[in-house]
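Data block below; observations after.
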Amino acid sequence: MNKKKKQIIEAAQTLFIKKGFSATPIQDILEAANVSKGTFYNYFSSKTECLMAILSFIKEEVIHDRHQLALGKSSSDKEVFVKQIAARFHIDKKHNLMALFASLASSDTAHQELKEFLNQQYLEEVTWMAERICDVLGAKKQKHAYDDAVTCFGTIHLTSKILMDINKTEIPIEETIYFALGQIERANLHPPFLQADYFLPYHQIKDAGEQDSKVELQQILTALNCRVDKLKNDKLTYYHHFLLEQLKLENPNLFLMESVMNSYQNALLHTELEDKGKYIQILFTQFMEEKRENS
């Protein structure tokens, strides 16, 4: 990160926590960071954008730490999963994120741009949790992964708050996480409430290789099977299942897949799945680029 930009972010974060977001004028940030107004606006169009940069910086730190924890370890390692969840809490504590959020007045959080940004971050975290639950607890959890992710997050946050309220802050967050995971490990006997395709826009696009994009594309198309079939559009159903069958092959026909994907996107227009098609197109483009690079 650029040195000047880092100065501004660090100064703004300190002031937002100390004085509150609304009560901190940009001039105070300029003085604390020792930069000019022109320098500030070279990086941020507003104080809100500066706050969003702070939160993005913290998010990137969480992603980095989680990646480091997973290096050389099995994706099904429960202890790694617990440490990855805990990383979010430890980093939030390091950056005093609770105080930062507390500094936001209701009028601030009602600001549409900031509200959407915070919602996006939260839903991405739920989506990450759902994917990792499947990694650790197995394919049997796939249908209920989002129900379990919400239950797990809710249990962690509420239990943590209660422990603080009764002055049991010496209990490590890892113990609370193990407790929360214990609540979702038993089999789900009810149909899933939260459907996987609700969360398609919040998946983080992977760049770890062709196999990852291929598998993720398969998973998303599979998750949409029932909804595609319910639309009772024969062409759309054919395109959908053709793409799935090709993805199962070691050497799929890329020329045919590209042609069918174009038809598939057109068939999705003006349906309830149109927005899902945009995300599928992003993944498909990545898959095709990686396939061509490796050929």
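Using our numbering, the letters of the sequence shown correspond one by one to residues 2 to 296.
Cβ coordinates follow ideal geometry from the N, Cα and C atoms, glycine included.
Since the structure is predicted, the reported quantities are computational estimates derived from the model, not experimental observations.
Check                                                                                                                                                                 : Outcome
Assuming leucine 115 contacts leucine 52 under a Cβ cut-off of 8 Å, what Cβ separation, rounded to an integer in Å, is found between them?                            : 7 Å
Would you kindly work out how many angstroms separate the C-alpha atoms of leucine 274 and leucine 164, rounded to a whole number?                                    : 43 Å
Does the Cβ of aspartate 230 have 16 or more other Cβ atoms within 10 Å, making it buried, or fewer, making it exposed?                                               : exposed
Are the CB atoms of glycine 21 and serine 77 nearer to each other than 9 Å?                                                                                           : no
With tyrosine 147 and phenylalanine 200 assumed to form a contact (beta carbons below 8 Å), what rounded beta-carbon distance in angstroms separates them?            : 6 Å
Across the stretch 21-33 and the stretch 78-97, are there enough close Cβ pairs to call them in contact, namely three or more that are closer than 8 Å?               : no
Hey, how far is the Cα of glutamate 80 from the Cα of leucine 250?                                                                                                    : 34 Å
Would you identify the three-state DSSP class for aspartate 78, choosing helix, strand or coil?                                                                       : coil
Whose CA, out of Asn234, Arg89, Ser260, Tyr203, lies closest to the CA of glutamate 132?                                                                              : Tyr203
Return helix, strand or coil for lysine 20, following the three-state DSSP convention.                                                                                : helix
What's the gap between the Cα of serine 161 and the Cα of leucine 124?                                                                                                : 20 Å
What residue does the alpha helix (DSSP H) around phenylalanine 154 start on, and which one ends it?                                                                  : 146-166
Does the separation of the CB atoms of phenylalanine 180 and threonine 152 fall below 9 Å?                                                                            : no
Glutamine 121 by DSSP, collapsed to three states: which one?                                                                                                          : helix
Quick check for students: name the residue ranges of the alpha helix (DSSP H) that lie wholly in the stretch 219-243, counting only runs of 4 or more.                : 226-231
With distances taken from CA atoms, which of Leu159, Pro193, Ile55, Ile92 is nearest isoleucine 178?                                                                  : Leu159
Here's a check: name, in chain order, each residue in its chain whose Cβ is nearer than 7 Å to the Cβ of proline 253, leaving out the five neighbours to either side. : Gln247
Within the continuous alpha helix (DSSP H) that includes glutamate 275, where are the two ends?                                                                       : 275-295
Can you list, in chain order, the residues of its chain whose CB lies under 8 Å from that of glutamate 11, leaving out five sequence neighbours each side?            : Ala34
Going along the chain, which residues of its own chain have a beta-carbon closer than 8 Å to the beta-carbon of lysine 74, five neighbours each way excluded?         : Val81
In angstroms with no decimal places, state the Cα-to-Cα distance between glutamine 321 and serine 47.                                                                 : Because the chain in this structure spans residues 2 to 296, residue 321 falls outside the shown range and cannot be described.
Do you know whose CA, among Phe45, Glu291, Pro173, lies nearest alanine 88's CA?                                                                                      : Pro173
How would you label serine 214, buried or exposed, when you count the other beta carbons within 10 angstroms and need 16 or more for buried?                          : buried
So is aspartate 276 buried or exposed if we call it buried at 16+ other beta carbons inside 10 Å?                                                                     : exposed
Closest Cβ-Cβ distance between glutamate 291 and chain B: below 9 Å?                                                                                                  : No chain B appears in the structure shown, which is made up of a single protein chain.
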